[in-house]
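What follows is a set of notes on a single structure, which appears directly below.
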Amino acid sequence: MRPMRLDVRLFTLASGLFASVGSLSAEQIPPMDCIISPFRSVELASPVPGVLHSIAVDESAFVRRGEITASLESDVEMASVALAKARSEVSSEVEVNNVNYDYDRKRKKRIDTLYDKKSVSFDTKDQADREFSLSKFRLQQAKDLVEIRSLELVRAQAQLAQKTIRSPIDGFVVEHYKEPGEYVEDQAIMRIAQLDPLRVETVVPVEHLAQLQTGQSAQIHPETSNANPVVATVTTIDRVADVASGTIAVQLTLPNPDYSVLAGVKCVMEFDQTPAPRVTTR
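For what it's worth, full-length UniProt numbering labels the leading residue of the sequence shown as 1, then goes sequentially.
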């Protein structure tokens with residue numbers, strides 16, 4: 001009878017262990033510490049080196065994507081554009097070569113007629129053919145030159161545009177790094193932060209991975225005075241855990257259309273863990 005008692009005890013112990021594991025996996029995610037950050041932060045720099053001429057936006061100012069934020073000295077580039085524009089508008093070479101082409105074409109036609117009647121020598125006909133061919137090539141060369149000058153104007157305008165620094169995003173100017181008169185090369189001129197939406201980051205123990213999914217909502221409680229809780233949505237769940245801490249990184253997106261939520265602050269997050277409704281089939 002002793003072996004049977006031992007089996008019953010082992011079965012009871014195993015049942016208790018499985019029950020405790022099941023309750024652990026079903027345990028809800030506790031409130032987690034988190035950080036609210038700008039959705040995107042840009043260290044705005046110049047594509048070309050030069051002397052900073054002006055800064056068009058103040059710190060804390062809101063800028064739209066494509067808005068001018070700063071400019072470099074561009075007197076040389078402006079002169080290059082003016083010169084290239086003037087050269088691209090010159091059409092006299094085409095007109096002169098077009099006149100020569102028409103004359104040589106008509107002359108060749110007359111010589112061909114006379115040659116057929118044996119009124120002129122072959123050398124005369126050959127010379128007329130040669131002059132007509134040269135006129136045709138000179139006219140095409142003049143037209144090609146006009147096209148090249150048009151491309152030179154486009155290049156000069158592009159070089160001038162590089163002296164104007166525009167914002168790549170909608171956001172707020174966080175900080176100026178340079179002032180007018182300073183030389184810039186590979187250093188940032190200012191930092192711009194996109195604050196709508198915001199990015200919320202946290203780490204969650206790996207045992208709660210099954211309770212997380214993209215699109216899941218969470219209540220965010222910013223650690224600022226008189227801050228009301230706001231709702232964010234899970235957008236990214238890392239698929240590689242941190243071995244040392246046994247956690248996974250989770251990112252959420254927090255809409256902030258009125259810019260009422262402050263970025264760069266800590267927060268507490270509560271995941272919405274309402275069970276999904278069961279789908280019944282007949």
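For every residue, glycine included, the Cβ atom is placed at its ideal position computed from N, Cα and C.
Worksheet entry | Residues near N100 in its chain [Cβ-Cβ closer than 6 Å; skip 5 each side] | Here N100 has S135 as same chain residues with Cβ atoms under 6 Å from its own Cβ, once five neighbours each way along the sequence are excluded.
Discussion item. Less than 7 Å between C-beta atoms, sequence neighbours within five positions excluded: which residues of the same chain meet that for V206?
Written reply: Taken in chain order, the residues that qualify are A241, G246, T247 and I248.
Practice prompt. Check whether the Cβ atoms of A70 and D186 lie closer than 9 Å to each other.
Written response: No, these two residues do not count as a Cβ contact at 9 Å.
Item to complete: Measure the alpha-carbon distance for Q215 versus V234 and round it to whole angstroms.
Response: Here residue 215 is Gly; the residue named in the question, Gln, does not match the sequence. Between the alpha carbons of G215 and V234 lies a gap of roughly 5 Å.
Worksheet item: How big is the Cα-Cα spacing for G264 and A227?
Response: Approximately 14 Å, taken between the alpha carbons.
Worksheet item: Should K178 and E73 be called a contact, given that it needs their Cβ atoms to be closer than 9 Å?
Response: Result no, Cβ atoms of K178 and E73 do not sit closer than 9 Å.
Worksheet item: Just reading off the beta strand (DSSP E) that Q251 is part of, what are its end residues?
Response: Going by DSSP, Q251 is part of the beta strand (DSSP E) stretching over T247 to L254.
Worksheet item: Which partner residues of Y259 appear in the DSSP bridge assignment?
Response: Bridge pairing for Y259: absent [DSSP].
Discussion item. Residues in the same chain with beta-carbon distance under 6 Å from Q157, minus the five sequence neighbours each way, listed in chain order, please.
Written reply: Take Q157, set aside five residues on each side of it, and the residues of its chain with a beta-carbon closer than 6 Å to its own are V81, in chain order.
Item to complete: Kindly indicate which three-state DSSP category residue 337 falls into: helix, strand or coil?
Response: This structure does not reach residue 337, given that the chain is present from 1 up to 282, and the question cannot be answered.
Worksheet item: Contact between the segment 121-141 and the segment 39-53: three or more CB pairs below 8 Å?
Response: Too few Cβ pairs lie closer than 8 Å, so no.
Worksheet item: Applying the criterion that 16 or more other CB atoms from any shown protein chain within 10 Å of the CB defines a buried residue, is M190 buried or exposed?
Response: The residue in question, M190, is buried, as its Cβ has 16 or more Cβ neighbours within 10 Å.
Practice prompt. Give me the Cα-Cα distance between V63 and P168, rounded to the nearest whole angstrom.
Written response: Distance between the alpha carbons of V63 and P168 is about 10 Å.
Fill in: Buried versus exposed, by CB contacts within 10 Å (16 or more), L222
Here residue 222 turns out to be Pro, not Leu, going by the sequence shown. Buried, by the Cβ-count rule.
Worksheet item: Considering only C-alpha positions, which residue in the set L254, G171 and N98 is nearest to V57?
Response: Minimum Cα distance to V57 is reached at G171.
Discussion item. I'd like the list of long-range same chain contacts for Y115, defined as Cβ closer than 6 Å, with 5 residues on each side in sequence excluded.
Written reply: In the same chain as Y115, and ignoring 5 residues on each side of it, the C-beta atoms closer than 6 Å to its own belong to K125, in chain order.
Discussion item. Within 10 Å of its beta-carbon, does D104 have 16 or more other beta-carbons around it, so buried, or fewer, so exposed?
Written reply: By the 16-neighbour rule on beta-carbons within 10 angstroms, D104 is buried.
Worksheet item: Residue ranges of each alpha helix (DSSP H) run of no fewer than 4 residues wholly in the UniProt domain "CzcB-like barrel-sandwich hybrid" (42-193), ordered along the chain?
Response: Qualifying alpha helix (DSSP H) stretches, in chain order: 75-88, 92-116 and 122-161.
Practice prompt. Write down the C-beta distance between I68 and V261 rounded to the nearest angstrom, noting that I regard them as a contact closer than 8 Å.
Written response: In this structure I68 does not touch V261 by the C-beta definition: roughly 28 Å separates them, more than the 8 Å allowed.
Worksheet item: How is S270 classed by DSSP in three states: helix, strand or coil?
Response: A small fix is needed here, since residue 270 is Glu in this sequence, not Ser. Strand.
Practice prompt. Indicate the three-state DSSP secondary structure (helix, strand or coil) for E223 in the structure shown.
Written response: E223 falls in the coil class under three-state DSSP.
Worksheet item: In this structure, what does DSSP give as the bridge partners for I237?
Response: When DSSP reads this structure, I237 sits in a beta bridge with V250.
Practice prompt. Using the DSSP secondary-structure output, state which residues sit across from P205 in a beta bridge.
Written response: DSSP output for P205 lists T247 as bridge partner(s).
Worksheet item: Just the Cα atoms here: how many angstroms apart are K143 and L153?
Response: Rounded to the nearest angstrom, the two C-alpha atoms are 16 Å apart.
Discussion item. Short of 6 Å in beta carbon distance, which residues of its chain neighbour D196, apart from the five on each side in sequence? Order them along the chain.
Written reply: Within the same chain, Cβ atoms closer than 6 Å to the Cβ of D196 are found at N256 and P257, the five residues on either side in sequence being excluded.
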